[in-house]
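Residue numbers for the sequence shown follow the numbering used here, so the first one is 95 and each next one is one higher. Ideal Cβ positions, reconstructed from N, Cα and C, are used throughout, including at glycine. Predicted, not measured: the structure shown is a model, and the values here were computed from it. See structure below.
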Amino acid sequence: MLKAWWEALWDLIFPQRCPGCREWSEQSGWCLACIEKIVRPSQVALALHNLTWLDECVAVTDYIGPVQRLIRDMKFRRITKQAIKLGRLLDQAITTGRYNDIQIIVPVPLHVDRYQERGFNQTALIFKPWAVRRNLCWTEALVRTRATAPQWELNLKDRRKNIKGAFAVTRPELITGKHILLVDDIFTSGLTMDECAKVLKQAGAASVKGLALASGAR
Ligand SMILES: [Zn+2]
């Protein structure tokens, strides 16, 4: 609490540098030139990745440069305020009305051990304020039932094995018949999001669209 207060005061007294070009910028962090360069939403080619459960998946940007640095700051250095800068990219990338059909937004969960170790789910810190701004109903309806190795450490075959059966729906009554937006910080092979889409659909979801902040797959 004190830390958050101090960080807010610090930002007020000292303006921030854009995380892209390091020039001084407005409070939201990014300068317009970097926003334009970085925000490049694109449809993931699901068939190419052999993903069969997601109805579509959009990645806002590539997992490189300043975006990669900010996400790593959050995950490995616990600099949670970077979520504000990353959330700004969502505002820029997703036009108003883009998800008018969506009824609930569900984050990919961390395993409880990882959550306790880190103290937060970076995906929730990035996406939840955006969901609130867009009037999308935030629903933490998934749980990771077992700890899994980080997907990037494994080859594709082992990734499938690693993630299979790793998720469960906690409250199916919130899922049945719903059009869902599933969100995650990084899209790599897409197997994690597809496995989540599978359990959501098996619980009766009408559709599951994916939205990842950054893609490491392109
Ligand atoms: Zn810049």
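Cβ-based neighbour list, residue i, same chain, cut-off 7 Å, excluding 5 preceding and 5 following
i	result
Leu248	Asn256
Arg312	Confidence is the limiting factor: at Arg312 the pLDDT is only 49, short of 50, which leaves the residue's position unreliable, though a coordinate-based value still follows. If we look at Arg312 and ignore the five residues flanking it on each side, its Cβ neighbours are Asp156.
Ala218	Pro201
Ile220	Ala177, Leu180, Gly181, Asp279 and Leu307
Nearest-angstrom Cα separation, counted from residue j out to residue i
i	j	result
Phe261	Leu204	10 Å
Lys292	Trp100	43 Å
Ser119	Cys128	11 Å
Gln296	Leu126	43 Å
Glu234	Ser136	25 Å
Phe281	Gln216	14 Å
Arg192	Val226	15 Å
Ile196	Val133	22 Å
Thr190	Arg208	34 Å
Residue i - DSSP class collapsed to helix/strand/coil
i	result
Asp207	helix
Asp252	helix
Val226	helix
Gln296	helix
Cys112	coil
Arg312	Low confidence applies to Arg312: its pLDDT is 49, below 50, so where it sits in the model is not reliable, and the reading given next is rough at best. Here Arg312 sits in coil by DSSP.
Proximal residues to residue i (C-beta, below 6 Å), its chain only, five neighbours per side dropped
i	result
Arg253	Gln245, Ser283 and Leu285
Asp167	Ile173 and Gln176
Pro223	Gly181
Pro109	Trp118
Range covered by the beta strand (DSSP E) that runs through residue i
i	result
Leu307	Ser301 to Ser309
Ile198	Ile198 to Pro201
Ala241	Ala241 -> no beta strand (DSSP E), and no H or E assigned at all.
Asp278	His273 to Phe281
Arg261	Reading the sequence as shown, one finds Phe at residue 261 and not Arg. Note, Phe261: beta strand (DSSP E), Phe261 to Val263.
Close-in-space but distant-in-sequence residues of the same chain around residue i (CB under 8 Å, 5 per side omitted)
i	result
Thr242	His205, Asn256, Ile257 and Ala260
Gly213	Arg172
Met287	Leu145, Leu148, Cys151, Val202, Leu276, Asp278, Phe281, Gly304 and Ala306
Which residue spans inside the stretch 122-177 form an unbroken beta strand (DSSP E) run of at least 3?
150-156, all fully within the stretch 122-177.
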